[in-house]
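Quick mapping for you: the protein sequence lines, in order, are chains A and B. Take the first sequence: its letter number 7 is residue 11 in our numbering, and every next letter is one higher. Take the second sequence: its letter number 118 is residue 153 in our numbering, and every next letter is one higher. Here the structure is laid out as structure tokens; the discussion comes afterwards.
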Amino acid sequence: MAATLPAPRGRIDFVGIGFAIALSVAIIFPLIVVGTWAFTEVWRYPNIVPQQFGLRFWNQTLSRADVWSALTLSLQLSTVVTLLSAAICLPAAYAFARMTFPGRNVLFFSFLAGHAFPKFGLLVAIAAIFLQLNLIGTFWGVVLIQLVGTLLFMIWIPVAAFQSVDRRMEEAARDVGASPLRVFWSITLPQAGPTIAAAVLLSFVGTFYETEGAWLIGAPGIRTMPVLMITFINNQMVIQYGAVLSVLLWVPSFIALMFARRVIGGGAFARGFGG
Amino acid sequence: MARLDIANVSKLFGSTKAVDDFSITVEDGELVCLLGPSGSGKSTLLRMIGGFEKPTYGSMTIDGEEVIHLPPEKRPTGMVFQSHALWSHMNVFKNIAFGLKLRRLPKAEIERRVEAVLELVGLSGYGQRLTHQLSGGQQQRVALARSLVLEPKILLLDEPFASLDQHLRERLREEVRDIQQRLKITTLFVTHAQDEALSVADRIVVLRDGRTEQIARPAEVYREPATPFVAGFIGQMNLVSGVVADGRFGHSAFNVPAAVADGPATLAVRPEALAIAPASGAGMAHVHRVTDYGTHAMIDVELPDGERLKSMMPTADQWTPMQKVDLVPGAFALYRDNGVIYRADAALALAKPARKTRSTVHA
């Protein structure tokens, strides 16, 4: 009888709890430590809690001109890279999803190449080429290198999104008088919209936090937020500068997450990956 | 108000002929059904008229103007898809208004026309609904309204009711016929359901493997099917293979006069034209099953060679399984080489009853 069976929820899921604890320790604990450091003025060994909290280092960090210029630069870079990437990749993704042309599959998988090999080697090789082209240390040099990093997301996810749009909907739009371009703009794009928004968001946030390319190609003229943070951490003995910057860096991803939850809803990311 | 001329149109996909040398003239305001089993080329034909497929050969003109090179958006046709294909990111109003906006009509005019067409399809006040808030039948009405609002010269319906339940399908097809007749809009209607074709069409085109089997009015397609395929596809039909010799079609259970040349032939007789009578002699056939439908009874009769035929009788009362019976064919037709060679109407057949039924002619 059902009544004699042990109720499943009565059992304690030790494995699940174990995973939860491990994840909390690995992710949340460092975040708490960094967050605490950002609001600490004095914290000496062997104390477990800081001796003195305060906003002194926030004042000091935020009054630095290089922090503000790095933040502005990072936002500009992420915006430009994401827009360019969308302009290039979305039509390409549509072509991959809806058309057959010679070399289609090879080209499609070639976008994996940038992620299939150790990235640093690739970046060094590109840096050598950029040096010849006088792109090292320029805004557009960094835009180009970061653009490469977004290609995979911005092609693969939209391809899945476009493929899942009902072709009859597109035909119905042609039937009432819409040109192919108008069909793409008014029917296909809105239908694939939530999933594409997910790709754009990933692209923006990924670019914002991108460090290797920005550092290798951008140095010394271009300093983005993450690059600045690394410089702070490497060169300054004051831990709080780095901590304040990393708390500042949480802001865009937090906003992005909130936006994603509101606009995209569940399932869109999964659908984007062909789920 | 338009006339559609299709001349010698063929469509090849690779080496397979989806449509083979098709021709028809659809008159102004006429409703023509393209009827056939799946794979008969009826949807391909409709998609070619709509501009979604390009014919390999042939020509298509609407009011005398060649349309074959026009893309769908330039054709004066309106298509309603089986899957209704409503745009789920727009509400009902925007779905219908989309085509009008593309034509840059003033806002007030768009609103007036959308309201009018919503009323026409019986969905007044549904403009602000989202498409997923509608039932299947309502969605299909919106799809119909979306096409009608643009006043196309030719309306194309691609199995529009196939995904709906039987009751709704019957109601909607009557409504569509009413609207079509009120607007006098030239219409092509693709279906695989013969009852749908028989009930709404002015003419029916029966297609098989991309070829035309028959083009005729519904009554004619039913009463005088041109080929054995049409005979078997439309309604119920008993088909019996036999041989004509000395002016009579002969089979173990049939022997009927047929003034045609000797040779093999297929006899086709509808259940309602095949009466049975209690066997006068030994009786060559027996009752296999009796099904009482209330309005009539269907008697399955088994012939000596194991073949089964259906006979429709007014009542089930006097028939029991294994009972020996004689067959009394009324109207029948004989087919040879995919064509009709002989047709006997009921009166003639009854006047000269089959050999086994000398004394049991039904009044």
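C-beta: ideal position from N, C-alpha, C; glycine also.
Hey, is residue 162(A)'s beta-carbon within less than 8 Å of any beta-carbon in chain B? In the first sequence, the residue the question calls residue 162(A) occupies position 158. For residue 162(A), the answer is no, since every Cβ of chain B falls outside 8 Å of its Cβ.
Output the distance between the C-alpha atoms of residue 3(A) and residue 201(B), rounded to the nearest integer angstrom. Residue 3(A) falls outside the range modelled here, since chain A spans only 5 to 279, and no answer is possible.
Rounded to whole angstroms, what's the CA-CA distance from residue 199(B) to residue 172(B)? Just pull it up for me. For the purposes of this step, residue 199(B) is taken as the residue at position 164 of the second sequence. For the purposes of this step, residue 172(B) is taken as the residue at position 137 of the second sequence. The alpha-carbon atoms of residue 199(B) and residue 172(B) are separated by roughly 7 Å.
Under 8 Å between the Cβ atoms of residue 131(B) and residue 177(B)? As a position in the second sequence, residue 131(B) is number 96, starting the count at 1. As a position in the second sequence, residue 177(B) is number 142, starting the count at 1. For residue 131(B) and residue 177(B), yes; Cβs fall inside 8 Å.
Alpha carbon of residue 85(B) to alpha carbon of residue 279(B), nearest angstrom: Reading the second sequence from its first residue, position 50 is the one you call residue 85(B). Reading the second sequence from its first residue, position 244 is the one you call residue 279(B). Taking the straight line joining both Cα atoms gives about 47 Å.
Using a Cβ-Cβ cut-off of less than 9 Å, give me the residues of the stretch 178-191 of chain A that come near chain C, in sequence order. Of the chains in the structure shown, none is chain C; the protein chains are A and B.
Whose Cβ in chain A lies nearer than 8 Å to the Cβ of residue 114(B)? In the second sequence, the residue the question calls residue 114(B) occupies position 79. 175, 176 and 179, listed in chain order.
By the 7 Å beta-carbon criterion, what residues does the stretch 356-379 of chain B contribute toward chain A? none
Which of the three DSSP states is assigned to residue 213(A) in this structure? Along the first sequence, one-based indexing puts residue 213(A) at 209. Helix.
Tell me which same chain residues have a C-beta within less than 6 Å of the C-beta of residue 378(B), skipping the five on either side of it? Within the second sequence, the letter at position 343 stands for residue 378(B). Contacts found: 368.
Is it buried or exposed for residue 447(B), if we count other Cβ within 10 angstroms and need 16 for buried? The question about residue 447(B) has no answer, for chain B in this structure spans 36 to 398.
Apart from the five residues on each side of it in sequence, which residues of its chain come closer than 6 Å, Cβ to Cβ, to residue 222(A)? Translated into positions along the first sequence, residue 222(A) becomes position 218. Excluding residues within five positions, the ones whose Cβ falls inside 6 Å are 146.
Less than 8 Å between CB atoms is the rule here; does residue 195(A) satisfy it with respect to chain B? In the first sequence, the residue the question calls residue 195(A) occupies position 191. Yes, its Cβ sits closer than 8 Å to a Cβ of chain B.
Roughly how many angstroms separate the alpha carbons of residue 164(A) and residue 63(B), rounded to a whole number? Sequence index remark: in the first sequence, residue 164(A) carries index 160 (1-based). Sequence index remark: in the second sequence, residue 63(B) carries index 28 (1-based). Approximately 45 Å, taken between the alpha carbons.
In its own chain, which residues sit with a C-beta less than 7 Å from the C-beta of residue 237(A), not counting the 5 before and 5 after it? Within the first sequence, numbered from 1, the residue matching residue 237(A) stands at position 233. 246.
Within the chosen definition, does the stretch 134-141 of chain B reach the stretch 205-224 of chain B through at least 3 CB pairs nearer than 8 Å? no
Candidates 259(A), 49(A), 148(A) and 197(A), of which the one nearest residue 131(A) by Cα: Position 127 of the first sequence holds residue 131(A). The shortest Cα separation from residue 131(A) among 259(A), 49(A), 148(A) and 197(A) belongs to 148(A).
For residue 189(B) versus residue 112(B), is the C-beta distance shorter than 8 Å? Here residue 189(B) refers to the residue found at position 154 of the second sequence. Here residue 112(B) refers to the residue found at position 77 of the second sequence. In this structure, residue 112(B) lies closer than 8 Å to residue 189(B) by Cβ.
Give me the Cα-Cα distance between residue 152(B) and residue 57(B), rounded to the nearest whole angstrom. The residue you call residue 152(B) lines up with position 117 of the second sequence. The residue you call residue 57(B) lines up with position 22 of the second sequence. Cα to Cα, residue 152(B) sits roughly 34 Å from residue 57(B).
Of all the CB atoms in chain B, is at least one closer than 8 Å to the CB of residue 172(A)? If you number the first sequence from 1, residue 172(A) lands on position 168. Yes, its Cβ sits closer than 8 Å to a Cβ of chain B.
Whose C-beta lies closer than 6 Å to the C-beta of residue 91(B) among residues of the same chain, with five residues either side of it excluded? In the second sequence, residue 91(B) corresponds to position 56, counting from 1. Excluding residues within five positions, the ones whose Cβ falls inside 6 Å are 45, 46 and 47.
Give the secondary structure of residue 383(B) by DSSP, where H, G and I count as helix, E and B as strand, and everything else as coil. Position 348 of the second sequence, counted from the start, is the residue given in the question as residue 383(B). Note on residue 383(B): pLDDT 46, under 50, position unreliable in the model; the coordinate value appears next. Residue state, collapsed to three classes: helix.
Does any C-beta atom of chain A lie closer than 8 Å to the C-beta of residue 118(B)? For the purposes of this step, residue 118(B) is taken as the residue at position 83 of the second sequence. Chain A, which has a Cβ nearer than 8 Å to the Cβ of residue 118(B), makes this yes.
Rounded to whole angstroms, what's the CA-CA distance from residue 263(A) to residue 70(B)? Just pull it up for me. The count along the first sequence starts at 1 and reaches residue 263(A) at position 259. The count along the second sequence starts at 1 and reaches residue 70(B) at position 35. Answer to the nearest angstrom: the Cα atoms are 52 Å apart.
On the DSSP letters alone, give me the boundaries of the beta strand (DSSP E) that residue 69(B) sits inside. Locating residue 69(B) in the second sequence gives position 34, counting from the first residue. Unbroken beta strand (DSSP E) run through residue 69(B): 66-70.
Out of 61(B), 72(B) and 338(B), which has the shortest C-alpha to C-alpha gap to residue 229(B)? Locating residue 229(B) in the second sequence gives position 194, counting from the first residue. Checked all of 61(B), 72(B) and 338(B); the closest Cα to residue 229(B) is 72(B).
Near residue 222(B), what residues of its chain come up, given a Cβ to Cβ distance below 6 Å and the 5 sequence neighbours on each side ignored? As a working note, residue 222(B) is residue 187 in the second sequence. 66, 190 and 215.
Residue from 49(B), 59(B), 51(B) and 144(B) with nearest C-alpha to residue 38(B): Walking along the second sequence from the start, residue 38(B) turns up at place 3. With distances taken between Cα atoms, residue 38(B) lies closest to 59(B).
Let me check one thing: in DSSP terms, what residues is residue 310(B) bridge-paired to? Counting from one through the second sequence, the residue named residue 310(B) turns up at place 275. For residue 310(B), which the question treats as bridged, DSSP gives the partners 363(B).
Which residues in the same chain have their Cβ closer than 6 Å to the Cβ of residue 220(B), if we skip the five residues on either side of it in sequence? The count along the second sequence starts at 1 and reaches residue 220(B) at position 185. Closer than 6 Å at the Cβ level, and outside the excluded window around residue 220(B), lie 190.
Sort out for me which residues DSSP pairs residue 95(B) with in a bridge. Here residue 95(B) refers to the residue found at position 60 of the second sequence. Paired residue(s): 41(B).
Residues bridged to residue 57(A) by DSSP? Here the question's residue 57(A) lines up with position 53 in the first sequence. The partner list for residue 57(A) (beta bridge, DSSP) reads 44(A).
What are the start and end residues of each continuous beta strand (DSSP E) run of 3 or more residues lying completely inside the stretch 220-284 of chain B, in chain order? 221-226, 238-243, 246-251 and 273-280
Rounded to a whole number of angstroms, what is the C-alpha to C-alpha distance between residue 194(B) and residue 115(A)? Position 159 of the second sequence, counted from the first residue, corresponds to residue 194(B). Position 111 of the first sequence, counted from the first residue, corresponds to residue 115(A). Between residue 194(B) and residue 115(A), the C-alpha separation is close to 42 Å.
Using the Cβ count rule (16 or more neighbours within 10 Å means buried), how would you classify residue 273(B)? Within the second sequence, the letter at position 238 stands for residue 273(B). Buried: at least 16 other Cβ atoms inside 10 Å.
Can you tell me whether residue 178(A) is buried or exposed? The criterion is at least 16 other CB atoms within 10 Å of its CB, across all chains shown. Reading the first sequence from its first residue, position 174 is the one you call residue 178(A). Counting Cβ neighbours within 10 Å, residue 178(A) comes out buried, since at least 16 surround it.
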